[in-house]
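Asks:
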Amino acid sequence: MKRLSHSILAVSFLISIALGFLGTLNQWNPYFGPINENRTIAGKPEFSIKDLSKTIAQTDQYLADNFGFRKFMIRSHALIRHFVFNAYSAENRVLEKLGVTE
Amino acid sequence: MVFSSMQFLFVFFPVVFGVYFVLPTIRLKNLFLLFASLMFYIWGERNYVFVMLASITITWAGGVLLEKSRSDKERRIALATGIIVNLLLLAYYKYAVFLIQSFGNALALVGIRFAAPENLQHVHLPAGISFFTFQAISYLIDLNRGTIKCQRNLATFGMYKSFFPQLIAGPIVRYAHIEKEVDHRPVSWAHVTEGISIFCVGLAQKILLANPMGQLADDVFNSPLADLTSASTWLGATAYDLQIFFDFSGYSQMAIGLGRMFGFTFPQNFNVPYTASSITDFWRRWHMSLSSWFRDYLYIPLGGNRCSKTRNFFNLFIVFFLCGLWHGASWTFVIWGAYHGLFLCLEKAGLLEKLNKAPVGLSRLYAMLVVLVGWVFFRADSLTYALGFLKKMFGLDSTPLSADRLSLYDLLNYERIVVFSIALVLSAQLYPKLPVFQSSERPHPLAEIVRGVALSGVFLLSLVYLAGSTFNPFIYFRF
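Protein chains in written order, with our numbering: chain Y, 27 to 128; chain B, 3 to 481.
1. Taking 8 Å as the threshold (beta carbon to beta carbon), is I67/Y in contact with chain B?
2. Which residues in chain Y have a C-beta closer than 9 Å to the C-beta of P445/B? List them in chain order.
3. Assign S6/B to buried or exposed, taking buried as 16 or more other Cβ atoms, counted over all protein chains shown, within 10 Å of its Cβ.
4. Could you confirm whether any beta carbon from chain Y is found closer than 8 Å to the beta carbon of L457/B?
5. Could you run through the region 78-96 of chain Y and flag, in chain order, every residue whose CB is less than 7 Å away from some CB of chain B?
6. Residues bridged to G408/B by DSSP?
7. At a cut of 8 Å, does the region 212-232 of chain B reach the region 242-251 of chain B through at least three beta carbon pairs?
8. For the alpha helix (DSSP H) that contains H179/B, what are its first and last residues?
9. How is the alpha helix (DSSP H) around Y341/B delimited, first residue to last?
10. Could you tell me if M3/B is buried or exposed, where buried requires 16 or more neighbouring beta carbons within 10 angstroms of its beta carbon?
11. Could you check what DSSP says for E76/B in three-state terms: helix, strand or coil?
12. Compare the C-beta of N112/Y against all C-beta atoms of chain B and say whether one is closer than 8 Å.
13. Could one say the Cβ of H103/Y lies closer than 8 Å to chain B's Cβ atoms, at least one of them?
14. First and last residue of the alpha helix (DSSP H) that includes L426/B?
15. Who are the near neighbours of A206/B in its chain, counting only those whose CB is closer than 6 Å to its CB and skipping five residues on each side?
16. Does L73/Y come within less than 8 Å of chain B when only Cβ atoms are used?
17. Under 8 Å between the Cβ atoms of N146/B and R77/B?
18. In its own chain, which residues sit with a C-beta less than 6 Å from the C-beta of F380/B, not counting the 5 before and 5 after it?
19. Please identify, using Cβ separations under 7 Å, the residues of the region 37-60 of chain Y that lie next to chain B, in order along the chain.
20. Among D229/B, G261/B, L92/B, whose alpha-carbon lies nearest the alpha-carbon of A405/B?
21. Give the C-beta separation of S280/B and L354/B to the nearest angstrom, bearing in mind that I take them to be a contact with Cβ-Cβ under 8 Å.
22. Would you mind telling me which residues of chain Y sit closer than 8 Å to Q9/B, beta carbon to beta carbon, in chain order?
23. Looking at C-alpha atoms only, which residue of L318/B, A171/B, L81/B, L142/B is the closest neighbour of I258/B?
24. Grab the span of the alpha helix (DSSP H) containing I139/B for me, first residue to last.
25. Do three or more CB pairs link the region 258-278 of chain B to the region 175-188 of chain B at distances below 8 Å?
26. From S71/B to I139/B, what distance separates their C-alpha atoms?
27. Where in the region 33-90 of chain Y do unbroken runs of the alpha helix (DSSP H), each at least 4 residues long, occur, reported from the N-terminal end onward?
28. On the three-pair Cβ rule with 8 Å, is the region 313-324 of chain B touching the region 341-350 of chain B?
29. For D383/B, name the three-state secondary structure that DSSP assigns.
30. Mind the definition here: the region 12-24 of chain B touches the region 86-98 of chain B only if three or more C-beta pairs lie below 8 Å; say whether that holds.
31. Can you tell me the Cα-Cα spacing of S234/B and S365/B, whole angstroms?
32. Can you check whether the C-beta of L462/B is within less than 8 Å of a C-beta belonging to chain Y?
33. Are the Cβ atoms of A369/B and A278/B separated by less than 8 Å?
34. Between N415/B and chain Y, is there a C-beta pair that is closer than 8 Å?
35. Inspect the beta-carbon positions of L81/B and V222/B and report whether they are closer than 8 Å.
36. Give me, in chain order, the residues of the same chain whose beta-carbon lies closer than 7 Å to that of L109/B; leave out the 5 immediate sequence neighbours on both sides.
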């Protein structure tokens, strides 16, 4: 059945996915606040025909760390959690108890 | 690669979706889907793609031989060979280590030391092997029964078996389900929009509900028993109950949605299972593609319920024992399966009749409690931990708590309480039947706009949470 709600969602979905794809290709990464990364972001993969397995693993890690609009989305995530749940990325009472330091 | 990853959403999917709709013929589309599915599998499993290719080739050849065979004997040989080779692949990759370890443990009980050969101490489990093995078996049996026609084109058959939406975690799509769509399928905007809607609902289930519930469950189940109070065990078990439902249902929804976008109609896998009023009812609603597979290819051939009561109980028990083993090569899964089999036998023996006469609330409470206790075996790393956990749950453990005990205050915060409540309400359909939740043939345009905008918001929220979270394991990938 053709439904208007489906079409609205489909348009927003396709636009988001297309923007994400183009952003990943062109490394569009705008942000509106600081991101304190607690680890080293994966660098570009080294292509090796002899070790394709390693190339795939490196590419996977690179894409996981360097997708389009990453900083924007991470910042939005932090802000949503802060304003809706009054939660902070640095605050974690539960994990502290289980042995993970703040 | 999982569907709920940026690699899939921002790279793999846009490329595959774009190219698919540019290709002019179904034949080219099928060839491209085969190529994309193999890339999808290689991305995660590298050389183990050869295991899947072997299963595809053996099953396809078995099918062709079955069709060409002139006598019953030839048919039986072709059928048996196809099934046995597929089962041997599954047995080696999934159960070899478990069987050898169990054999070694049994010998140790009588004082004999047994060391497993080195190559059988660690065997990698190729993703989705349980699913594509069951697909292969159903294809060969259906072909033998004459309910489907043989697919003579190896590439088309390979596309069906390796099709990436259902490859790794189901639903178990039988060839009969999509036989007509393999060669002739409509690809329209209506299918695409419907598929996207189903996919987005699944993505939200996974990212917004299953993952936070998984963190809560992990906090409890990864703690030593001495740290757990009775309340925290109940909370942990319930969180896991919600995690596994939204995780698996979410993945199935994403698979069904993706299939729809490419013109395929996959079977539904869940029908609000936590509203079941008995364990019999639960298995009609939970992982329906697996339970119907066991019904059609094992339970009924064993005699089903058209036999003596004792034999019927035996059939049920065997089916659920194997169902447990299918879920994982560990005694906790076997016990989980046998536990469900036991309750199904009890219900057959008369409990179901009493449950049908009892108030709905009471029968639902019974089913939820039985399922919840079952999930403890499913989640626990060992049988000892599961039994200790259950003792804590029911207040049967008198050992003193450690100084680091986990209270509800330690486990819950505002965010977790909100997500837990939403997950609970959605999983058991505890919301009132408002018109906005009902689908009608002619919905009001304004309601549709609100619904479309709300769904878009949920999708964007899922993307933002996915980007912001690094915690993203899929439970069903180990099967």
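Glycine included, every Cβ here is placed at the ideal spot set by N, Cα and C.
This structure is a prediction, so every number in the text was calculated from the model and none was measured.
Replies: So, to answer that:
1. Cβ-Cβ to chain B under 8 Å: no for I67/Y.
2. Against chain Y, the beta carbon of P445/B has neighbours under 9 Å at R29, L30, S31, listed in chain order.
3. S6/B should be labelled buried.
4. So yes, L457/B belongs to the interface.
5. Of all residues in the region 78-96 of chain Y, those with a C-beta nearer than 7 Å to a C-beta of chain B are S79, I82, D86, L89, A90, F93, G94, R96, reading in chain order.
6. It is Leu, not Gly, that sits at residue 408/B in the sequence shown. Looking at the DSSP assignment, L408/B forms a beta bridge with L230/B.
7. Yes, the region 212-232 of chain B is in contact with the region 242-251 of chain B.
8. Looking at the DSSP string, the run of the alpha helix (DSSP H) that includes H179/B is 177-185.
9. Element bounds for Y341/B: 333-348.
10. The residue is buried, with at least 16 neighbouring Cβ atoms inside 10 Å.
11. DSSP, read as helix, strand or coil, puts E76/B in helix.
12. Chain B, which has a Cβ nearer than 8 Å to the Cβ of N112/Y, makes this yes.
13. Yes, H103/Y lies at the interface with chain B (some Cβ there is under 8 Å from its Cβ).
14. For L426/B, the enclosing alpha helix (DSSP H) starts and ends at 416-429.
15. In its chain, beyond the 5 residues on either side, V460, S464 have a beta carbon closer than 6 Å to the beta carbon of A206/B.
16. In the sequence on display, residue 73/Y carries Phe and not Leu. Taking CB atoms only, F73/Y has no neighbour in chain B less than 8 Å away.
17. Cβ atoms of N146/B and R77/B: closer than 8 Å.
18. Excluding positions up to five away in sequence, the list reads W338.
19. Cβ contacts with chain B come from S38, F39, S42, I43, A44, G46, F47, T50.
20. Its Cα nearest to that of A405/B, the residue D229/B stands out among D229/B, G261/B, L92/B.
21. Confirmed, about 6 Å.
22. Within 8 Å Cβ-Cβ: D86, L89, A90, F93.
23. Selected option, being the one with the closest Cα: A171/B.
24. 131-147 is the span of the alpha helix (DSSP H), which, as asked, contains I139/B.
25. With a cut-off of 8 Å, the region 175-188 of chain B and the region 258-278 of chain B count as touching, because enough Cβ pairs lie within range.
26. Going from the Cα of S71/B to the Cα of I139/B covers about 18 Å.
27. Complete alpha helix (DSSP H) runs here, min 4: none at all.
28. Touching, per the Cβ criterion.
29. In the structure shown, D383/B falls within a coil segment according to DSSP collapsed to helix, strand and coil.
30. Judged by Cβ distances under 8 Å, the region 12-24 of chain B makes no contact with the region 86-98 of chain B, as fewer than three pairs qualify.
31. Distance between the alpha carbons of S234/B and S365/B: 25 Å.
32. Answer yes: the Cβ-Cβ gap between L462/B and chain Y drops below 8 Å somewhere.
33. A contact, by the Cβ cut-off of 8 Å.
34. So, interface residue.
35. V222/B is positioned such that its CB atom lies no closer than 8 Å to that of L81/B.
36. Same-chain partners within the cutoff: F116.
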